[in-house]
Amino acid sequence: LGKATVSQSRAGGLVLPVITLILLVLLVAAPVFNADAGGPIFFSTEGPGSQHAPLLLGLIAGLAGGSLAQRTRLCLSGGIRDFYLIRDTYLLKGFGLIFVVALLLNLLYGQFNLGFTGQPIAHNWHLWNFLGLFLVGLTAVLLGGCPLRQLILSGEGDLDAGITVLGMIAGAAVAHNFMLASSGAGPTVFGQYAVVIGILIALTIGWVCREV
């Protein structure tokens, strides 16, 4: 888990980095092809999508964080595997450090809120919180790395990871356009169906593709 694989081709390894650069150019240039609609680059004016760091600061922080994640091979599913199989805590220590830093910053800025209630963009439907993250963990094992690790591997030129990242982007678009995404009010009915179906599909893939 979490280890880079050789891309099928050099061109294939450049697919996601090139797409990322194109999206960055579109973000900065913000071209308008339809003045009445204001598109094709639409910016959120309210909600979580409108709350983001300044572009330059985000790029610097992203590059710094990505470099650290790449050098340390940071991967949560890989860390759990290493601890379970050989009691190696190297990768888990990285996530422990992330937790401590996030905790200290939230305390510093007065945004710490102990408990499950009143958390931003979160709900208290614990069963669906568990099942949703169970699906994330299950697919991370099947993919060979957690979502963060997939981002890093795609930047290294891993074509499989690149396809995975594009799939996550497409999945987010589908979730928000077909009433699958949850909100602070709780999970949607269609979202609950999607989680259960996703778990069944992932379990089926794991069973069919198992090594015997």
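All letters in the sequence shown, in the order written, are residues 1490 to 1701 by my numbering.
Idealized CB from N, CA, C, for every residue including glycine.
Distance check between A1650 and each of T1628, L1510, T1561 and I1511 places T1628 closest, using alpha-carbon atoms only. Cα atoms of L1580 and P1609: separation of roughly 28 angstroms, rounded to the nearest angstrom.
Under the DSSP definition of a beta bridge, S1539 lacks any partner.
Just so you know, the alpha carbons of T1561 and T1509 end up roughly 23 angstroms apart. Looking at the backbone, the Cα of L1513 and that of L1563 are separated by about 25 angstroms. With fewer than 16 neighbouring CB atoms inside 10 Å of its own CB, R1499 falls in the exposed class. The bridge partners DSSP lists for S1498 come to none.
Beta-bridge partners of G1675 (DSSP): S1672.
N1666: not part of any beta strand (DSSP E); member of the alpha helix (DSSP H) spanning L1648 to N1666, first to last residue. Spatial neighbours of G1673 in its own chain (CB-CB distance under 7 angstroms, excluding positions within 5 residues in sequence) are listed in chain order as I1610, A1611 and H1612. Considering only V1517, P1537 and Q1540, the residue with the shortest C-alpha distance to P1529 is V1517. Non-local beta-carbon contacts of F1605 in its own chain, meaning distances under 7 angstroms to residues more than five positions away in sequence, involve N1613 in chain order. DSSP places N1618 inside the alpha helix (DSSP H), whose first and last residues are H1615 to L1632. For N1523, the uninterrupted beta strand (DSSP E) segment begins and ends at V1521 to N1523. Taking G1555 as the centre and dropping the five residues before and after it, the same chain places the C-beta of L1640, I1641 and G1644 closer than 8 angstroms to its C-beta, in chain order. V1521 and I1511 have their C-alpha atoms some 16 angstroms from each other.
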